[in-house]
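Novice: Before I ask anything, here is the structure I am working with.
Chains as they are written, first to last, in my numbering: chain H, 1 to 259; chain F, 260 to 518; chain X, 519 to 777; chain P, 778 to 1036.
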């Protein structure tokens, strides 16, 4: 049986005159791009530019909605009702769909950003409110979830198409959560080490915590980053190692299966 | 031959805790609603509420994009490039499409708001940039244009489906432009007078300026307002007079013809 | 000994084209106005208008900073660091000071708004971060605190000039907190009842909870509202009752004493 | 007689997670910093950081207000009334004053940013509205004007303390305006050339246009930049050349004289 995997990264995180990340380089490595939708980053012009590039490179386009907080880059927790969360997601997803259409592409997946993602990975009602709203707008969208969290639970409950995601450059606690950035060893900076971990988790079909514990889960996509000292080197190393191990890299929509 | 006409009004212009207009009452009078898309008014929650109501009442939904200027209500002129104008419209139209879909409706038409509309009625390149962008996203959308302005010219040049609009409560200069609000007699406040003028312009197929001059034009829709001392009374009077004169009132999508 | 009391209300809560509240009427009743500083409401033009009116009527001007969340009216909790809270307060206080100066007035007091106020009344570190920042900018400012909460504790610890506030139209729980708006009986709508309660609390020098419990506290100012069915009637009734009971009404700066 | 000159640069133009410019390096070269006030760039946290650094390095702090347009970086023209312009400036100046005070400094000068500066250099009523507002808040503030433009005219008419500014790295037309960036030769990238031009203009007490024409004007400060390939090299070259020519470099407040 063929082994298929998706590589994803957050993109289009510039805003107005300010640039961020290294989208052009990352687009040569990943197969799916999570594109900011204007609320925490990624104004309409940045969205257009980034999506045009993704279409050119054959990279799958995803909507990456976040809280309405440009200054805080969507990383500050904001308490919203379920109805407000739904409308927040619908609005941003719609903007992304139209922009993708305008540049000859289409939104294939949705991934939550920043504090909204964190809250949804802890609270299944928040995840459900967001995902259910996205599915009302685009019933065949693939929901990208952080594997083994409340995000995955919500996607399973909704019976939608989803993809489980692990992180190449972040250490895991033994409850499956990411080690807080404030703790030592939370971020992996050595490309070979990161690539080796990813391969091992894929082979075992499980998240491997720092203390060695295995948390079995479905892994459909690997999250890579463009920022950080060695992020691009990690992204390339992961891709190379996966290809050497006979993984076929392909955008999500061709990977994901329904629950 | 059946006489058909659309009545439209701007709606969904509340924002956060602040309300504006009298949407519920107007929705019983008009057949098309131009719904603010979050940039000058109409946050995502307001959009959802307004569109839900429009769907319930069978009123056609239109996207009503404006400049990104909540404080100025989109009434301040902002100089943008053609590319920026296009992305501004695509983004807001997409958000409106998704929101309409989420509440069981669909966007049928597009009308520009405020200073953006004023600039597009004076400058055909601005109008073209906006309309061409909307058509890339939704090729069958009806573009609502202020009759006999550069807006109409742009729609004709693009060969798209469009609808010509006149105003029930505003006086016209003899070049077909609206008399500036700062000038006396610019706003008509007498319901019978407004209704009579509308009927006359429809019968003559022409805008009638204050000095009596006729500017022949296609009239598909009448713009009504909810704000202002007698706005709602004017809206009702216009509707009643049109029905008495055997006009059938119907949403745009069923009215408009291509150029 | 003379009995002196301040009456305060939130004002300047319009934004751009949207109006809110009944500032002109309230300014004839209160002695201190808490004026929104542009982050949750009250753009620069609204601030100018409101402060000019306050100066004309001899009402004391207070800065009323809130979270940067116009759509949510500053009522959504946002998690910020102590440094970010400090800068949030400094920025808004500065804007208020300059605007007051420009219209011939001066900021005398500071009161936190909405979710920021709620968080500061629960968490003394949040209250301290905000108040300490304000005092760095204006050492002689009066800090208006919700009596018997962490806000008061922070002001006492800082040794600054502060004023203790109770609410005329809200029911209290027996721990001194306001009954949640979602609970029945949380808002008092009967003017005589509200006025009677205020007088009783002043005479006893204590908050009186719904179950009769007394929480002794210093009361320097009574919070009134302009919104709501009977808010203005309550405001007038409270003022009248206090005058009948020989209280002298005076703006905060002439009332408050250091801890 | 001693020759004294100020070197100024725009700073604090980061926003939220996005950085811009090279403030730390520039602060070692300039004597005055024009610090963004949050409307086009420079959120409250960025302002605090930048001002703290300026105080440490003994660099004079200026408020650098712009249009409320983060996405457009204040470079898009927005049409505002005189009253709105005044309130825009008052608000931002106040925020800057408070932030400066909080970090142990003080605002000494004001310089308009971007499109607001361009409009004020063409239209004396716009310049007057802005400067008159700033002077209402801080009567002893030094207004930094682009020499030989409507900005200078407004400052002269107001009889306030002002400083005339020329640009080190921009070519001039023979009407004293800057050559448009879109035209070839508009930006000077050669450090020696830039430094030589500055010295020559100072010695002649005149702007020297590309065609050799002299426009006599008072020159109190030289505008330098941190962005651009050779900007920092130009800044250093200008400073070095001025020191070699026995100019004493000093912040504006100690330089400027009233008209």
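Every residue, glycine too, gets a C-beta built ideally from N, C-alpha and C.
Roughly how many angstroms separate the alpha carbons of residue 614 of chain X and residue 337 of chain F, rounded to a whole number?
Specialist: Computed Cα separation, rounded: 27 Å.
Novice: Pick from H/132, H/119, H/158: whose alpha carbon is nearest that of residue 146 of chain H?
Specialist: Of the listed residues, the one whose Cα sits closest to residue 146 of chain H is H/119.
Novice: Quick one: using the 10 Å Cβ neighbour count with 16 as the cut-off for buried, is residue 572 of chain X buried or exposed?
Specialist: buried
Novice: Identify the continuous beta strand (DSSP E) that holds residue 942 of chain P and give its terminal residues.
Specialist: Residue 942 of chain P: member of the beta strand (DSSP E) spanning 938 to 944, first to last residue.
Novice: Give me, in chain order, the residues of the same chain whose beta-carbon lies closer than 8 Å to that of residue 445 of chain F; leave out the 5 immediate sequence neighbours on both sides.
Specialist: Cβ neighbours of residue 445 of chain F beyond the five flanking positions: 429, 430, 437, 438, 439.
Novice: Return no unless some Cβ of chain H is closer than 8 Å to the Cβ of residue 360 of chain F.
Specialist: yes
Novice: Would you say residue 302 of chain F lies against chain X (beta-carbon separation less than 8 Å)?
Specialist: Residue contact with chain X for residue 302 of chain F: present (Cβ-Cβ distance below 8 Å to some residue of chain X).
Novice: So within the stretch 317 to 350 of chain F, which uninterrupted alpha helix (DSSP H) runs reach at least 4 residues, ignoring any that extend past its ends?
Specialist: none
Novice: Can we say the stretch 4 to 14 of chain H touches the stretch 23 to 43 of chain H, given the rule of at least three CB pairs closer than 8 Å?
Specialist: yes
Novice: Please list the terminal residues of the continuous beta strand (DSSP E) segment that includes residue 216 of chain H.
Specialist: 214 to 216
Novice: Please classify residue 408 of chain F: does DSSP put it in a helix, a strand, or coil?
Specialist: coil
Novice: Please say whether residue 911 of chain P and residue 927 of chain P have beta carbons closer to each other than 8 Å?
Specialist: no
Novice: Below 8 Å CB to CB, which residues in the same chain sit around residue 748 of chain X once its five sequence neighbours on both sides are set aside?
Specialist: 707, 708, 709
Novice: Does the Cβ of residue 755 of chain X have 16 or more other Cβ atoms within 10 Å, making it buried, or fewer, making it exposed?
Specialist: buried
Novice: Within its chain, find whatever has a CB closer than 6 Å to the CB of residue 600 of chain X; leave out the 5 residues flanking it on each side and keep chain order.
Specialist: 647
Novice: Along the stretch 585 to 597 of chain X, what residues have a CB closer than 7 Å to any CB found in chain F?
Specialist: 588, 589, 590, 591
Novice: Does the distance from the CB of residue 158 of chain H to the CB of residue 132 of chain H come in under 8 Å?
Specialist: Yes; because the gap between Cβ atoms is below 8 Å, this pair is in contact.
Novice: Does any C-beta atom of chain P lie closer than 8 Å to the C-beta of residue 605 of chain X?
Specialist: yes
Novice: Under a CB-based cut-off of 8 Å, is residue 913 of chain P close to chain X?
Specialist: Closer than 8 Å to some Cβ of chain X, the Cβ of residue 913 of chain P qualifies, so yes.
Novice: In this structure, how does DSSP classify residue 29 of chain H when only helix, strand and coil are distinguished?
Specialist: coil
Novice: Measuring CB to CB, does residue 295 of chain H end up less than 8 Å from residue 137 of chain H?
Specialist: As shown, chain H starts at 1 and ends at 259. That puts residue 295 of chain H outside it, with no answer to give.
Novice: Take every Cβ of the stretch 584 to 598 of chain X, pair it with every Cβ of the stretch 798 to 812 of chain P, and state whether three or more of those distances are shorter than 8 Å.
Specialist: no
Novice: Can you name the start and end residues of the alpha helix (DSSP H) that residue 55 of chain H belongs to?
Specialist: 44 to 56
Novice: Below 8 Å on the Cβ atoms is my guess for residue 478 of chain F versus residue 464 of chain F; work out the distance and round it to an integer in Å.
Specialist: 7 Å
Novice: Ignoring anything shorter than 4 residues or poking outside the stretch 610 to 658 of chain X, list the alpha helix (DSSP H) runs there in chain order.
Specialist: 632 to 640, 642 to 655
Novice: Report buried or exposed for residue 411 of chain F, applying the criterion of at least 16 other Cβ atoms within 10 angstroms of its Cβ.
Specialist: buried
Novice: When the Cα atoms are used, what is the spatial distance from residue 781 of chain P to residue 1026 of chain P?
Specialist: 6 Å
Novice: Step through the CB atoms of chain P and report whether any lies within less than 8 Å of the CB of residue 615 of chain X.
Specialist: yes
Novice: Taking the Cβ atom as the reference point for each residue, do residue 884 of chain P and residue 920 of chain P lie within a distance shorter than 8 Å?
Specialist: no
Novice: Look at the Cβ atom of residue 686 of chain X, then the Cβ atom of residue 741 of chain X, and state whether they are nearer than 8 Å.
Specialist: yes
Novice: From residue 795 of chain P to residue 681 of chain X, what does the alpha carbon distance come to, in whole angstroms?
Specialist: 40 Å
Novice: Between the stretch 789 to 817 of chain P and chain H, which residues of the former have a C-beta closer than 7 Å to a C-beta of the latter?
Specialist: 792, 793, 794, 795, 797
Novice: Have a look at residue 712 of chain X and residue 564 of chain X and give me their C-alpha separation to the nearest angstrom.
Specialist: 30 Å
Novice: With a 10 Å radius around its C-beta and 16 neighbouring C-beta atoms as the bar for buried, classify residue 443 of chain F as buried or exposed.
Specialist: exposed
Novice: When you compare only the Cα positions, how much space is there between residue 58 of chain H and residue 31 of chain H?
Specialist: 8 Å
Novice: Buried or exposed for residue 258 of chain H, going by 16 or more other Cβ atoms inside 10 Å?
Specialist: Because the pLDDT of residue 258 of chain H is 46, which lies under 50, any placement of that residue in the model is unreliable, and the number read from its coordinates should be weighed accordingly. The residue is exposed, with fewer than 16 neighbouring Cβ atoms inside 10 Å.
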